[in-house]
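Here's the structure, in structure tokens; my notes come after.
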Amino acid sequence: MDRFNNDDLEYVVDDYFDSSDFEDQQTFSDNVPQHISDSDSHHSDFEDNFDTTNATTDTTASEARNGKDIQGIPWDRLNYSRQEYRETRLKQYNNYENLSRSREELDKECLEVQKGKSFYDFQFNTRLVKSTIVHFQLRNLLWATSKHDVYLMQNYSVMHWSSLLRRGKEVLNAAKPIIPTLKHSGLAHPVSRVQISTMTVKENLMVAGGFHGELICKNLNHSGVAFCSKITPDDNAITNAVDVSRNPSGLLRVIAANNDSQVRVFNAENFASLGCFKYDWSVNNASVSPDGKLLAVLGDSTEGLIADANTGKVTGSLKGHLDYSFASAWHPDGQILATGNQDTTCRLWDIRNLSESLAVLKGRMGAIRALRFTSDGRFLAMAEPADFVHIFDSHSGYSQSQEIDLFGEIAGISFSPDTEALFVGVADRTYGSLLEFTRKRYYHYLDSML
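Written as structure tokens, this is what we have:
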């Protein structure tokens, strides 16, 4: 993963998102922007004068049905229509690549997908909580623990949003010094001003990774932070991904993937080290299979790896992507793995036969930076860096999809565990928000007998 100079948070100091190493996106007042790039921050193309921090800026399903833009963008006050701006975005967007290669053969591999399906309906959009992004390549910054409870990263804080109460609450402030409450853990050390680069929330455990190699673990049922430490001495070894998983015997583990080419595993009870696995390239993503036995390892290579989750030993390889990978998701049956890549595709792999991918799913304009399966395995959500979230129906062989079309950088996506809700975090200075969609249900009733 690329080093990215990020000295401090934008909302705290002016130099939050130092993207001098990358092309900048131009803002606009009267004109459509002339350049758009994957490496841009959550910089808004839309400027608005009204306050976005009160509930009047929220959008309900009823308002959307009556014509209001789901993000509250006032198209009638702008000099172009939504469709005109969408066409411009598609034409001018520059997908960030580490490896520039011809995409002609790749396009031939991609599955023909019937779009226009509707699996999840828009329910609500709020600007009372706003996602923010620390590194443009890392978009796992939002997790739902129920259809009413969502956790997201906002500046230095992890926020909890209750869709039932429609209220946000800070559950972790990483700007302040954090002192671990767990005693007798030799690895634990206080940390402060942690820029959260990735996070997950599973089994009542919130785990966050930091821009300088930090790891923070908080039990949601307890006050304070159980464990925190800088897990690598390398200042540039950003924590790229974290996961929480049980091993086959039931032990809860925390997995951290870092830019120093290592995957570290910790006991989630006492945070003792269970292993440290070294690979040949920076590890951008690591996720454990549902049975706890296998580890998907993706990073600064066109090739992905399957490893033993207990030992880190490589047992298989994933060949087919053309660039670096940053996302993965396991189907709940443990037989299908989805991988997301900067070549703008997601590949599906049958873990029983890794000689080639089962299918290749293509995005509209950018890298695939976040992937999620529903807990019943029916749907796969695939997020691009900006503007598009795709939902594929596994029952159709992934050949049918819904496309969620919005504007802004996507900080993360998450299905609720009961599959009833899908949440999308949008990072944008003006229109940053949390969008909620609800699963469509089709009920068939027997005709009454005459």
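Its first residue numbered 2, the sequence shown is counted upward by one per residue in my numbering. Idealized CB from N, CA, C, for every residue including glycine. Values in this document were obtained by computation on a predicted structure and should not be read as measured data.
(request) Use the C-beta contact count for A273: other C-beta atoms within 10 angstroms, 16 or more gives buried, fewer gives exposed. (result) exposed
(request) State yes or no: is the C-beta of S417 within less than 9 Å of the C-beta of K148? (result) yes
(message) Using CA atoms only, rank isn't needed, just tell me which of H391, Y157, V151 and A412 is closest to S193.
(response) If we check each option's Cα against that of S193, Y157 comes out closest.
(request) Whole angstroms is fine: what's the gap from A428's alpha carbon to V255's? (result) 27 Å
(message) Using CA atoms only, rank isn't needed, just tell me which of S262, F424, T89 and I405 is closest to G413.
(response) F424
(request) With DSSP collapsed to three states, give me the class of Q336. (result) coil
(message) Using only CA atoms, which one of K294, A308 and S329 lies nearest to N285?
(response) Of K294, A308 and S329, the residue nearest in Cα terms is S329.
(message) Do L362 and D344 have their beta-carbon atoms positioned less than 9 Å apart in this structure?
(response) no
(request) Closer than 6 Å by C-beta to F51: which residues in its own chain qualify, once you throw out the five before and the five after it? Chain order, please. (result) Note that F51 scores 42 on pLDDT, short of 50, meaning its location in the model is unreliable and no value can be drawn from it.
(message) For Y94 and R102, what's the separation of their Cα atoms in angstroms?
(response) 17 Å
(request) For E437, count neighbouring Cβ atoms within 10 angstroms of its own Cβ and tell me buried if that reaches 16, exposed if not. (result) It is buried - the Cβ of E437 has at least 16 other Cβ atoms within 10 Å.
(message) Measuring alpha carbon to alpha carbon, tell me which residue in S302, K219, L296 and D261 is nearest N311.
(response) Residue L296 is the option with its Cα nearest to N311.
(message) Suppose you measure from the CA of G321 to the CA of L165; what does that come to, to the nearest Å?
(response) 43 Å
(request) For the segment 60-72 and the segment 362-373, state whether three or more C-beta atom pairs, one from each stretch, are separated by less than 8 Å. (result) no
(request) Determine which residues share a DSSP beta bridge with A328 and list them. (result) G341
(request) Give every residue of the same chain whose Cβ lies closer than 7 Å to the Cβ of N260, excluding the five residues on either side of it in the sequence, and list them in chain order. (result) M2, N237, A238, I239, N241 and S283
(message) If I measure Cβ to Cβ from T375 and keep anything under 7 Å in the same chain, skipping five residues before and after, which residues do I get?
(response) F416 and T420
(request) Can you grab the Cα-Cα spacing for the pair K116 / R365, in whole Å? (result) 12 Å
(request) Tell me the start and end of each unbroken beta strand (DSSP E) in the segment 240-290 that is at least 3 residues and wholly inside, in chain order. (result) The qualifying runs are 240-247, 253-259, 263-268, 274-279 and 284-289.
(request) Starting from Q124, trace the beta strand (DSSP E) both ways and give me its first and last residue. (result) Run containing Q124: Y121 to T127, per the beta strand (DSSP E) assignment.
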